[in-house]
Structures are given as structure tokens and as C-alpha cells.
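Position 91, counted from 1, in the sequence shown is what this note's numbering calls 91; the numbers after and before it change by one each time, with no gaps. We put the CB at the ideal spot given by N, CA and C, even for glycine. Keep in mind that this is a model prediction, so the values were computed, not measured. This report concerns only the one structure given below.
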Amino acid sequence: VRIGRVSYAPPAGISLEGIETEGSRPDPSFSILRINRLVISYGLLNLLRRNFEVPDRVVLYQPRFHFAAGTSERPILDSTLSVSGMVPTALGIRDGEFHYPWGAGGKELVLRKVNLEAKPDVRGQIRLKFVSELGGVAQGRAEAEGFTDPKFRRYGLEIEFKKVTFLPESQV
1 VRIGRVSYAP PAGISLEGIE TEGSRPDPSF SILRINRLVI SYGLLNLLRR NFEVPDRVVL
61 YQPRFHFAAG TSERPILDST LSVSGMVPTA LGIRDGEFHY PWGAGGKELV LRKVNLEAKP
121 DVRGQIRLKF VSELGGVAQG RAEAEGFTDP KFRRYGLEIE FKKVTFLPES QV
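As C-alpha cells, this is what we get:
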């Protein structure tokens, strides 16, 4: 992992810029290739309690993710947002890009200009809002809203696809 710059904004924030990885991990099902900027923020409650283990909010600017064929053991939001039973952290993604394999032959479904808000609520559920443009084997737009409950592994997500067209190479 390479980090271009680290900044500290007292008392409540850390910013890492120009994060790049080689994309090779022991678990090849998921890799983060690049993050333009990662901001870790601590809220007033963190400061008053002197608890800096779990930040109040994490925002990734222009991240690029790549997924391999198959699914991971745990959904990404569950494993990212829940830390050993502690209150989950709010997560934001701005202008992200997700690459998913599509059939044989190296085709991909690409989610571009991804904006995601994942915020914990008082019941321990994580409220989700998601907007993305589709690319690769499909063109159009996707919008989603719902929740995930990491403790009980329950999910409720309503997805609306707008003006979606699958290209001939998608074989749909």
C-alpha cells in the first residue's frame, strides 16, 4: 500500500490521500485498487469519551474496487461497518467505481459515479442510500435505499433501475 499524503486536522480528523494498492491479497474476491482520499472523522462524543477506537465517520473519495467471481463470505457493509459488537461507523463513498465480473470472457458490470451513505440508527441497523451510473455490459442508472442489520443478518433494499439497456455482449 502506498499513501501519498497524510494530514491531521485537530481535534477530530485524519485524511489520507493518494492511496494505491497492488491489488493482490490472500483473498482475491475483493480488492481496493485506489482511493483518492480517505477521511476519518471523530465526533464530539468520541472526544468527550476519549474513545478513538471507532471513528464517527469514514468517507472514501473516488475509490476504485474490483470484485472477483463469486461472493464473499460476509457482505462488505457488514464486515466494514461493524467492529466486534461496537456501534457501527457511518460510511460515505463519493464518486466511487465498482467492477463486477460478468460471465465468461472478461466482461464487467461497472458501477460509476457511486455515491453511498451508510449510517447507523438507534436500533443498530445501518440505513443505506445509493446512487450509481451503470457501465460496462449495461448502461443506465441505479438508485437504492434500505437497511442492513449486521447483528441479525437481515437486509431490506429497494433498488430502482432507470433507463437500463444491456449491451449485446452481456448476453441478456
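Item	Value
8 angstroms contact criterion, which residue 39 and residue 15 should meet: CB distance rounded	5 angstroms
CB contact flag (residue 104, residue 47, <8 angstroms)	no
Interface flag, residue 146 vs chain D, CB-CB below 8 angstroms	Within the model displayed, chain D is absent; a lone protein chain is all it includes.
Identity of the residue in 50, 100, 32 and 56 nearest residue 138 by Cα	100
Contact belief for residue 128 with residue 144 at Cβ below 8 angstroms, rounded distance in angstroms	7 angstroms
Ordered list of alpha helix (DSSP H) runs contained in the stretch 37 to 62, each at least 4 residues	44 to 49
Test item: CB-CB of residue 65 and residue 98 under 8 angstroms	yes
Distance between residue 56 and residue 149 (C-alpha atoms, nearest Å)	18 angstroms
Residues sharing a beta bridge with residue 149, DSSP	154
Presumed contact (8 angstroms Cβ cut-off) between residue 96 and residue 62, rounded CB distance	7 angstroms
Where residue 44 falls, given that 16 or more other Cβ within 10 Å makes a residue buried	exposed
Exposed unless 16 or more other CB atoms sit within 10 angstroms - verdict on residue 114	buried
Assigned exposure category for residue 167 - 16 Cβ within 10 Å defines buried	exposed
C-beta contact flag for residue 92 and residue 116 at 8 angstroms	yes
Coarse secondary structure for residue 120, derived from DSSP in three states	strand
Distance CB(residue 17)-CB(residue 2) smaller than 8 angstroms	no
Residues that DSSP places opposite residue 20 in a beta bridge	2 and 34
Span of the beta strand (DSSP E) around residue 101	90 to 101
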